[in-house]
Structure formats: C-alpha cells, structure tokens
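Here's the structure we're looking at; comments come further down.
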Amino acid sequence: MRTARLVVALLVAIGFVGVVPRASGAAAPSSAQTGCEWPTWGEGPDRTFAYSCPTDLGPTTVADLRQIWFFRARDTVTATPAIVAGSAYVGDWSGNFYALRVKDGTTRWRFHAEPHGRVYAGQIVSSAAVATVAGVRTVYFASGKSLYALRASDGRVRWRHEIGRTGPSKG
Numbered sequence: 000m001r002t003a004r005l006v007v008a009l010l011v012a013i014g015f016v017g018v019v020p021r022a023s024g025a026a027a028p029s030s031a032q033t034g035c036e037w038p039t040w041g042e043g044p045d046r047t048f049a050y051s052c053p054t055d056l057g058p059t060t061v062a063d064l065r066q067i068w069f070f071r072a073r074d075t076v077t078a079t080p081a082i083v084a085g086s087a088y089v090g091d092w093s094g095n096f097y098a099l100r101v102k103d104g105t106t107r108w109r110f111h112a113e114p115h116g117r118v119y120a121g122q123i124v125s126s127a128a129v130a131t132v133a134g135v136r137t138v139y140f141a142s143g144k145s146l147y148a149l150r151a152s153d154g155r156v157r158w159r160h161e162i163g164r165t166g167p168s169k170g
C-alpha cells in the first residue's frame, strides 16, 4: 500500500487553521461555531476561510513557522482537516479516518470505512464536518458511497447511510 504524508500544509492548517484575519465588517463566526475552531471545510457554513480568533501569524512572522509534528497517513490525504476541541479530523484515500491530537499529532482513534470498489480517486476525498447533535459531538464524512456519523470522543459509529444502492433487476 502506498504511503502518504500529511506534511507542512496540514501542520499549518492544524497549527494555525488558515489564520486569515477577518476583514473589518466581515461576518462574525456562525452561531454553530464556538471558540477558535475550524469545524468544517471553509471554516463554517459561510465558507469565509477566515480564522476568527487573534493570531500572531502575519507577513512579518510567517518566516518563524516551524514543523511541530508529522503524521504519516496510510494513503493520500486530499481533504482539509476539521479542527474542534484540540483534535483534527481527516480521512485518507485508503478509507482510514483519523482523530489526531493537534498538540502533538498523535492518533486519538482511527476508523476504517468499508471500501467501495467503484470510486474515482480514493475512498475518503472530502473534508469532514463536526457538530454537536443531541448532546453528542459528531464527525460527519463521506467514504465511497457511504455517509458516516462517528462519535468524536471515540470514533464509534452513530450511523451509516449508503447511497446509490442497486435497485431490483429488470427482467
């Protein structure tokens, strides 16, 4: 199996989460988002790609960036990680989905999604979303032709829904 790496781009995304300061007059973080998090692709439902919290990162400090950790995924990663409560959530093309500690890059848990044979690129190619539903922080992502909802605390499946099932054959 091909080995892939989450390198500096992911580390910057995890360590600084985009850190594009909001322009004056820009929308405040959505009510669904709390704290300095990046719970879905584009930062929130309005897709500003702007980090809403204060940061020291800027044109004069970018040269000071250093790699703080490295994570080797089992295969290619093409998604932006979701960052919530000190964890980064991201999947790879082999169907592995990871919860990583932002502080040091260690794996909190790993989930292997059921593989689907007919995928264009990899099993997990899109970004995850994290939300609290019915009091349970939940991570949502697609793998192949299935949508998953996992408990963010331990990676256990809350539900799985497969789309595009084959209907009855025509006779």
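Just so it is clear: in the sequence shown, position 21 is 20 by numbering that gives the first Met the number 0, and no numbers are missing. Glycine included, every Cβ here is placed at the ideal spot set by N, Cα and C. Given the structure is predicted, the values throughout are model-derived calculations rather than measurements.
Three-way DSSP call (helix, strand, coil) for residue i in this model
| i | result |
| --- | --- |
| residue 87 | strand |
| residue 118 | coil |
| residue 61 | helix |
| residue 10 | Low confidence applies here, because residue 10 scores a pLDDT of 35, under 50, leaving its location unreliable; read the following figure in that light. Here residue 10 sits in helix by DSSP. |
| residue 98 | strand |
| residue 82 | strand |
| residue 68 | coil |
| residue 73 | coil |
| residue 30 | Only weak support exists for where residue 30 lies, its pLDDT of 39 falling under 50; the coordinates are left without a value. |
| residue 155 | coil |
| residue 137 | strand |
Per DSSP, cross-strand counterpart(s) of residue i
| i | result |
| --- | --- |
| residue 161 | 145 |
| residue 127 | The partner list for residue 127 (beta bridge, DSSP) is empty, contrary to what the question assumes. |
| residue 92 | Its beta-bridge partners do not exist; DSSP assigns none. |
| residue 107 | Note: residue 107 sits in no beta bridge, so no partner. |
Nearest residue (CA-CA) to residue i, options the options
| i | options | result |
| --- | --- | --- |
| residue 65 | 73, 56 and 72 | 56 |
| residue 163 | 143, 38, 79 and 157 | 143 |
| residue 124 | 59, 154, 80 and 43 | 80 |
| residue 156 | 110, 73 and 106 | 110 |
| residue 114 | 107, 131 and 122 | 122 |
| residue 106 | 53, 139, 75 and 151 | 151 |
| residue 93 | 70, 51, 118 and 108 | 118 |
| residue 70 | 141, 96 and 132 | 96 |
| residue 35 | 45, 53 and 76 | 53 |
Check: residue i C-beta below 8 Å from any heavy atom of the ligand NAP
| i | result |
| --- | --- |
| residue 115 | Absent from the structure shown: the ligand NAP. Ligands present: none. |
Query raised in the report: Between the segment 80-89 and the segment 99-111, are three or more C-beta pairs nearer than 8 Å?
Result: yes
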